[in-house]
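This note's numbering applies: residue 1 is where the sequence shown begins, and numbers increase by one.
Even glycine gets a Cβ: it sits at the ideal position worked out from N, Cα and C.
The structure presented is a predicted model; accordingly, all values stated were derived computationally and were not measured.
Okay, structure first, notes after.
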Amino acid sequence: MNKKGQTLIFFVLLIPVFVTLMAVIVDVGVMRYTYQNTKSIVSDGIRMYLKDKDIATLKEVLEDNGLEKEEYVIKEEDAKVLVTVHTKAEAIFGQIIGFSSYDIDISLVGFEENEEIIIRKEEVS
Numbered sequence: 001m002n003k004k005g006q007t008l009i010f011f012v013l014l015i016p017v018f019v020t021l022m023a024v025i026v027d028v029g030v031m032r033y034t035y036q037n038t039k040s041i042v043s044d045g046i047r048m049y050l051k052d053k054d055i056a057t058l059k060e061v062l063e064d065n066g067l068e069k070e071e072y073v074i075k076e077e078d079a080k081v082l083v084t085v086h087t088k089a090e091a092i093f094g095q096i097i098g099f100s101s102y103d104i105d106i107s108l109v110g111f112e113e114n115e116e117i118i119i120r121k122e123e124v125s
């Protein structure tokens with residue numbers, strides 16, 4: 001019995017599975033990178049705001065790091081600042097199945113407590 005033909009068929013059938021798995025890994029990596037990068041930008045902006053107490057500083061940090069005015073909302077209340085960002089991560093392999101981009105939503109609140117800056121995640125509504 002010739003086992004080489006069976007192995008070839010098995011290998012050919014597994015190629016689409018491997019390509020799909022790699023595509024998912026790449027797109028998830030792009031989404032994760034965009035999420036972490038945006039979260040870091042927002043955290044830095046909140047820290048600068050809490051040091052200077054100037055909303056213009058926060059806006060400047062966000063915009064200098066690539067966020068558009070339409071992508072974020074800033075709310076100030078009771079010595080706290082809430083920054084909500086809705087941005088997109090460009091799809092690489094997702095375009096094959098019809099996704100041009102993935103939505104990224106981040107909502108962080110920052111405040112000072114006992115002379116420490118606290119930044120935590122808020123539920124996006």
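Below 8 angstroms, can you find three or more Cβ-Cβ pairs linking the segment 68 to 85 to the segment 5 to 21?
Under the 8 angstroms Cβ criterion, the segment 68 to 85 does not count as touching the segment 5 to 21, having fewer than three qualifying pairs.
Buried or exposed: where does Ile96 fall if 16 or more other Cβ atoms within 10 Å of its Cβ makes it buried?
By the neighbour-count rule (16 or more Cβ atoms within 10 Å), Ile96 is not buried but exposed.
Thr57 to Ile118 span [Cα, whole Å]
Linking Thr57 to Ile118 through their CA atoms gives a straight-line distance of about 18 angstroms.
Give the C-beta separation of Gly98 and Asp27 to the nearest angstrom, bearing in mind that I take them to be a contact with Cβ-Cβ under 8 angstroms.
Actually they are not in contact, since the Cβ atoms of Gly98 and Asp27 sit about 13 angstroms apart, beyond 8 angstroms.
Do you know how far the Cα of Tyr72 is from the Cα of Ile104?
The straight-line gap separating the alpha-carbon atoms of Ile104 and Tyr72 is approximately 12 angstroms.
Nonlocal neighbours in the same chain, by C-beta distance under 8 angstroms from Val50, ignoring five residues either side
It is worth fixing the name first, because residue 50 is Leu in this sequence and not Val. Here the set comprises Val81, Gly110, Phe111, Glu112, Ile117.
If I follow the unbroken alpha helix (DSSP H) through Glu60, where does it start and stop?
Counting along the chain, Glu60 sits inside the alpha helix (DSSP H) bounded by residues 55 to 64.
What are the residues that DSSP puts in a beta bridge with Val83?
BP columns for Val83 point to Ile74, Leu108.
Out of Arg120, Tyr102, Lys121, Leu14, which has the shortest C-alpha to C-alpha gap to Met31?
Residue Tyr102 holds the alpha-carbon nearest to the alpha-carbon of Met31 among Arg120, Tyr102, Lys121, Leu14.
Contact defined as beta carbons within less than 8 angstroms: I believe Val61 pairs with Ile106. What is the distance between those atoms, to the nearest angstrom?
Contact annotation, Val61 with Ile106: C-beta distance approximately 14 angstroms; criterion of less than 8 angstroms not satisfied.
Ser100 in three-state terms, based on DSSP:
It is coil, neither helix nor strand.
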